[in-house]
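Beneath this line is the structure, given in structure tokens, with notes to follow.
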Amino acid sequence: MKQPIQLPLQLHVESQSFIDAMYGVLSGKGWFSLPKYMLSGMTGACFRLSMGHRLEADSVSTYNWMAEHFVAADLIGIQASQDAGFHFAPTFPLYRQQAVVDIKRCLDQGTGAVAWKDRFVIVNGYDEEKQLFYYADGQPDIHQEWPFEQFGQNLSPYWYYQIYEHHSPMDLLQVIKESFLQAAYRAEVHDPMLPESDYSCGLKCYDMMMDVFRSGAYDAPGAYETLSSYAAAKRDASHYAQEACSYWPALEPVAAHYIQLAEIYNRMLTLPLDTQPLPAGPLQQLLDLLQEAKQAETAAIQAIRLLLRETATNRSHNIGLR
């Protein structure tokens, strides 16, 4: 019988997103040696902003995983394969069977995988005799057990996995430039997967949040989780933009806006966001901070467009296309 595989891959919850899992796999494989915030920025992940109109906590992870995670890997020269669906579909057992085969093959090559288990986790081993995977989700036990037959059977109706197959070296400056074009795209374009009647994307999120907080029609714990997750993203964007200046000094005005934006989000988290309704004082403070954040992020995008105006103009029909 084949010996169990347990790769020493850990997940540290810092970016509060898919990036935590992706970074754990790629850094463990030796395919990414820069800080995590660089991965968050180079993939464009820290620039995404989308949320449900009631600010439910799970709306932070409601976006087009297949599209965004493919782009994330492609931007940094990683060949990746992935699949996703709903576990209530009649064909799900067939897809689960293939997922198990794909992930085991990846692990046999010494590479972990990312999967959805009501959050993004790292699959870092398996035991053929026990018919289970091992996974890490940020808890102290980095080799928790996940039976093959339970793969994809989440509380949420979705299943997903991504495996990494090959790595090609990339020109870092070109990756940085492309990532900031992605920042403009994500700020300006609504995710076509999300109905506009229920979700907002990019800069439009700010006006929506101000309206929702004024009305009191929101999920209070979800509001805190939403702003906490995006505070982590803005922190990554701030660190990334500052570091990117060492490769491309012209980015300094952009970095200044993201530094300001991260500080504004940190101030938001000092307010009693899980109180509903918010008292008048904290509510006005939050509304003022959201307006400041909108102005800072808008200024960042305008600075990016000015800096990359030739490429942005050439892609005027869709700045997100490469």
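Under full-length UniProt numbering, think of the first position of the sequence shown as 1, with each following residue one higher.
Don't be surprised by glycine CBs; every beta carbon is placed ideally from N, CA and C.
Note that the structure is predicted; figures quoted are calculated from it, not measured.
Can you give me the start and stop residues for the beta strand (DSSP E) that Ala-133 sits inside? Taking the first residue of the sequence shown as 1, we reach residue 133 at position 133. One detail in the question is off: residue 133 reads as Phe in this sequence, not Ala. Segment 132-136, the beta strand (DSSP E) holding Phe-133.
Return the residue from the list Pro-277, Gln-3, Pro-221 that minimises the CA-CA distance to Gly-125. Sequence index remark: in the sequence shown, residue 125 carries index 125 (1-based). Nearest option by C-alpha distance: Gln-3.
Taking 8 angstroms as the cut-off, does the region 198-215 touch the region 49-66 (at least 3 CB pairs, one atom from each stretch)? yes
Determine which residues share a DSSP beta bridge with His-166 and list them. Along the sequence shown, one-based indexing puts residue 166 at 166. Answer is Gln-79.
Nearest-angstrom Cβ-Cβ length linking Ala-237 and Cys-46, presumed shorter than 8 angstroms: By 1-based counting over the sequence shown, the position of residue 237 is 237. By 1-based counting over the sequence shown, the position of residue 46 is 46. 4 angstroms between Cβ atoms; contact.
My output table needs one value for Met-51: the three-state DSSP class, helix, strand or coil. For this step, residue 51 is matched to residue 51 along the sequence shown. Looking at Met-51 - three-state DSSP - the assignment turns out to be strand.
Could you check which residue in His-239, Ala-293, Met-268, Arg-305 has the C-alpha nearest to that of Lys-36? Here residue 36 is taken as the residue at index 36 of the sequence shown, counted from 1. Selected option, being the one with the closest Cα: His-239.
On a Cα-Cα basis, can you pick out the residue from Val-71, Gln-291, Leu-273, Thr-275 that is closest to Gln-260? As a working note, residue 260 is residue 260 in the sequence shown. Looking at the Cα atoms, Gln-291 is the closest of the given residues.
Considering only their Cβ atoms, is the gap separating Ala-233 from Ser-15 smaller than 8 angstroms? Translated into positions along the sequence shown, residue 15 becomes position 15. Translated into positions along the sequence shown, residue 233 becomes position 233. Here Ser-15 is near Ala-233, since their CB atoms are less than 8 angstroms apart.
Presumed contact (8 angstroms Cβ cut-off) between Tyr-224 and Ala-293, rounded CB distance: Position 224 of the sequence shown, counting from 1, holds the residue named residue 224. Position 293 of the sequence shown, counting from 1, holds the residue named residue 293. Between Ala-293 and Tyr-224 the Cβ distance is about 16 angstroms, and since that is not below 8 angstroms, they are no contact.
What are the start and end residues of the alpha helix (DSSP H) that includes Ser-27? One-based indexing of the sequence shown puts residue 27 at position 27. It spans 18-29 - the alpha helix (DSSP H) in which Ser-27 sits, taken as one unbroken run.
Rounded to whole angstroms, what is the Cα-Cα separation between Pro-253 and Ala-300? Taking the sequence shown and counting its residues from 1, the one referred to as residue 253 is at position 253. Taking the sequence shown and counting its residues from 1, the one referred to as residue 300 is at position 300. If I take the Cα positions, the gap works out to 8 angstroms.
Starting from Cys-201 and walking both ways along the beta strand (DSSP E), at which residues does that stretch end? As a working note, residue 201 is residue 201 in the sequence shown. First-last of the beta strand (DSSP E) with Cys-201: 199-201.
Once DSSP output is grouped into helix, strand and coil, what is the label at Gln-6? Residue 6 sits at position 6 when you count from the first residue of the sequence shown. It is a strand residue.
Along the chain, where does the beta strand (DSSP E) that runs through Gly-125 open and close? Here residue 125 is taken as the residue at index 125 of the sequence shown, counted from 1. Per DSSP, the unbroken beta strand (DSSP E) holding Gly-125 starts and ends at 120-127.
Going by other Cβ atoms of all chains shown within 10 Å of its Cβ, with 16 needed for buried, is Tyr-247 buried or exposed? Walking along the sequence shown from the start, residue 247 turns up at place 247. Tyr-247 comes out exposed.
Beta strand (DSSP E) containing Pro-93: first to last residue? Position 93 of the sequence shown, counted from the start, is the residue given in the question as residue 93. From DSSP, Pro-93 is part of no beta strand (DSSP E) but of the alpha helix (DSSP H) over 92-108.
Return the chain-ordered list of same chain residues with a C-beta closer than 7 angstroms to the C-beta of Trp-116, the five sequence neighbours on each side being excluded. Taking the sequence shown and counting its residues from 1, one reaches residue 116 at position 116. Here the set comprises Asn-154, Tyr-158, Trp-159, Tyr-160.
Touching by the beta-carbon criterion (3+ pairs, under 8 angstroms), the region 83-91 and the region 118-135: no
Sort out for me which residues DSSP pairs Gln-295 with in a bridge. Residue 295 sits at position 295 when you count from the first residue of the sequence shown. Beta-bridge pairing links Gln-295 to no other residue.
Just to confirm my understanding: we take Gln-144, look at its own chain, exclude 5 residues before and 5 after, and list those with CB closer than 6 angstroms. What are they? Position 144 of the sequence shown, counted from the start, is the residue given in the question as residue 144. Here the set comprises Tyr-135.
Once you ignore the five residues that flank Trp-65 on each side, which residues in its own chain have a CB closer than 7 angstroms to its CB? Reading the sequence shown from its first residue, position 65 is the one you call residue 65. The answer, listed in chain order, is Ala-84, Tyr-160.
Just mark Ser-17 as buried or exposed, buried being the case when its beta carbon has 16 or more other beta carbons within 10 Å. Taking the first residue of the sequence shown as 1, we reach residue 17 at position 17. Result: buried.
Reduced DSSP category for Gly-41 - H, G, I as helix; E, B as strand; rest coil: One-based indexing of the sequence shown puts residue 41 at position 41. The answer is helix: DSSP assigns Gly-41 an H, G or I state.
At 3 residues or longer, what runs of the beta strand (DSSP E) sit wholly inside the region 199-252? 199-201
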